[in-house]
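Only one structure is covered here, and it is reproduced in the block below.
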Amino acid sequence: MNSLITFIISIAFLGLVIWENRLHGQLGFLASQRPDKITKDFVRVIRQERWLNWVLCILAIIIFLTTSRYSILLMSIITIIELLLVSRMDHVKNEMMN
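For any residue, its number in my numbering is found by taking its place in the sequence shown, counting from 1, and adding 895.
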């Protein structure tokens, strides 16, 4: 049961990673089309996205491959961090589009 829940949370994490990559592409396009709309928040979000993307994906793979009694908790925390990052990226995208 533990593995099933971890697998489901991992699928949600992968969905967020796909959404994050799509947002990254949109933000890059918006930055090239509207360089005057680039803010400090945009730069900060992109920097955090690059750094956290690698760290969270590596941790998710390690958690998924190893069995631990805390794997559900750790995978949930990683997924929540990814969700917060995606929501910040979406907020920056909406600010740039307006």
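The beta-carbon is built from N, C-alpha and C at its ideal position, and this holds for glycine as well.
Note that the structure is predicted; figures quoted are calculated from it, not measured.
Runs of 4 residues minimum, wholly inside the region 911-942: which ones carry the alpha helix (DSSP H) assignment?
Here no run is fully enclosed.
Let me know if Ile-913 comes out buried or exposed under the rule of 16 or more other beta-carbons within 10 Å of its beta-carbon.
By the neighbour-count rule (16 or more Cβ atoms within 10 Å), Ile-913 is not buried but exposed.
Out of Leu-968, Asp-985 and Val-987, point me to the one whose CA is closest to Ile-903's CA.
Checking every option, the nearest Cα to that of Ile-903 belongs to Leu-968.
Within a Cβ cutoff of 7 angstroms, which residues of the same chain sit near His-986, ignoring the five residues on either side of it in sequence?
No residues qualify anywhere along the chain.
Any idea if Ile-958 is buried or exposed, counting beta-carbon neighbours within 10 angstroms, 16 or more meaning buried?
With 16 or more other Cβ atoms within 10 Å, it is buried.
What is the rounded straight-line gap between the Cα of Tyr-961 and the Cα of Met-970?
For clarity, residue 961 is Thr in the given sequence; the question names Tyr instead. In a straight line, the C-alpha of Thr-961 is about 12 angstroms away from that of Met-970.
If you drop the 5 nearest sequence neighbours on each side, which residues of the same chain put their C-beta closer than 8 angstroms to that of Leu-947?
Ile-976, Glu-977 and Leu-980, listed in sequence order.
Tell me the DSSP secondary structure of Arg-945 in three-state form.
Helix, per DSSP.
With DSSP run on the structure shown, which of helix, strand or coil describes Thr-901?
It is helical.
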